[in-house]
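Going line by line, the protein sequences match chains A and B. All residue numbers for the first sequence refer to numbering that gives the first Met the number 0, where the first residue is 0 and numbers rise by one. All residue numbers for the second sequence refer to numbering that gives the first Met the number 0, where the first residue is 0 and numbers rise by one.
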Amino acid sequence: MNSELFRLAAPQAFFPVAGKMLPWFSFLAGALALAGLYVAFFVAPTDATQGEAYRIIFIHVPAAWMSMFIYVMMAGWAGFGLAMNTRLSGMMSSALAPTGAMFTFIALWTGALWGKPTWGTYWAWDARMTSELVLLFLYLGFIALKGAIQDPARADRAGAILALVGVVNVPIIYFSVQWWNTLHQGASVSLTRAPSMAAVMLLGMLLMALAAWMYSIAVALARLRRIILERERDAEWAKLQRSTA
Amino acid sequence: MGEAAKEHGVNEYAFFVWGSYGVAALCIFLEIYFLNRKNKQ
Chain A
0 MNSELFRLAA PQAFFPVAGK MLPWFSFLAG ALALAGLYVA FFVAPTDATQ
50 GEAYRIIFIH VPAAWMSMFI YVMMAGWAGF GLAMNTRLSG MMSSALAPTG
100 AMFTFIALWT GALWGKPTWG TYWAWDARMT SELVLLFLYL GFIALKGAIQ
150 DPARADRAGA ILALVGVVNV PIIYFSVQWW NTLHQGASVS LTRAPSMAAV
200 MLLGMLLMAL AAWMYSIAVA LARLRRIILE RERDAEWAKL QRSTA
Chain B
0 MGEAAKEHGV NEYAFFVWGS YGVAALCIFL EIYFLNRKNK Q
């Protein structure tokens, strides 16, 4: 079991495995998104106070969850690569960053469009919103830093340090609504207490969150395969792979 | 339409909800498009 895991840490060994997993995660993402959107738009009732605008929750909350989760995963892989000197870890972190940045942007955008009809403003320099914006800058900084360094090993090390320093922002985002008086509401869903929303709304939100999760894995695997081929371009197996693709 | 939207005098379903889902769908489309384009290079 352990030797199999070590074998998969080699980019050459992981490349075909990622290719096999990709269609499954893509299919799951599509199916879960369809089910989630059906519940969001055709099953969940209109909210008594917010009207139809509350339906933004089905995209906003999953995007916000993924923005934080992907950052932790990205920093985890980057840190693992820094400690263990494994090439695939750095590639994993590079593969995750653009998707994390995209979900952060979606969370900010949908939050602004939800804020206007409910709070009367698109934006406020509130702790939750500001720390989420900082997360977007961290993602963009990570991508830019890695792109600016030609040597992949040095790029991975520099990126890992930035990712690990930036991970402190994730608990700040999550707990900001408890630590400070924010315009943003507190968490509706928590592991420690019952959700403060109707079951059907929660179902739609969880389906969309699972879809976002599957999508992130699928896209990260597809991007990882490209990064592996780029970095291993001088290896015989990669040349063979490119010629047959 | 909710009370807040009536106050603002906008069709919240069209603007706020579709503005959110539309931009999210566009982001996902662009991510997949650029990924496929790079994969083909």
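Don't be surprised by glycine CBs; every beta carbon is placed ideally from N, CA and C.
Using a 10 angstroms sphere on the CB of A:Glu235, the tally of other CB atoms stays under 16, which defines it as exposed. For the stretch 99–116 of chain A, the set of positions with a beta-carbon nearer than 8 Å to some beta-carbon of chain B reads Met101, Phe104, Ile105, Trp108, Thr109, Leu112, Trp113, Lys115 and Pro116 in chain order.
Nearest in C-alpha terms to A:Ser215, of all of A:Arg225, A:Ala100 and A:Gln149, is A:Ala100.
By the Cβ neighbour-count rule, A:Met83 is exposed, with fewer than 16 other Cβ atoms within 10 Å of its own. Annotation: A:Arg222 to A:Met73 spans about 14 Å, alpha carbon to alpha carbon. Here the alpha carbon of A:Phe40 sits roughly 12 Å from the alpha carbon of A:Ala32.
A residue is called buried when at least 16 other Cβ atoms come within 10 angstroms of its Cβ; A:Tyr121 does not meet this threshold and is exposed. Judged by DSSP in its simplified three-state form, A:Asp46 adopts strand.
The alpha carbon of A:Val218 has as its nearest neighbour, out of A:Ala8, A:Pro116, A:Trp76 and A:Met20, the alpha carbon of A:Met20.
Between A:Leu87 and A:Phe13, the C-beta gap is smaller than 8 Å, which places the two residues in contact. Only residues of its own chain outside the window of five on either side were considered, and among them Gly80 and Asp155 have a CB closer than 6 Å to the CB of A:Gly89, listed in chain order. Assignment of A:Val218 by DSSP, reduced to helix, strand and coil, places it in the helix class. Fewer than three Cβ pairs drawn from the stretch 222–231 of chain A and the stretch 37–57 of chain A lie within less than 8 Å of each other, which leaves the two stretches out of contact. A Cβ-Cβ separation of about 4 Å places A:Ser175 in contact with A:Ala126 under the 8 Å criterion. Spanning the alpha carbons of B:Gly21 and A:Ile171 requires a straight line of approximately 29 Å. For B:Phe15, the closest Cβ of chain A is nearer than 8 Å.
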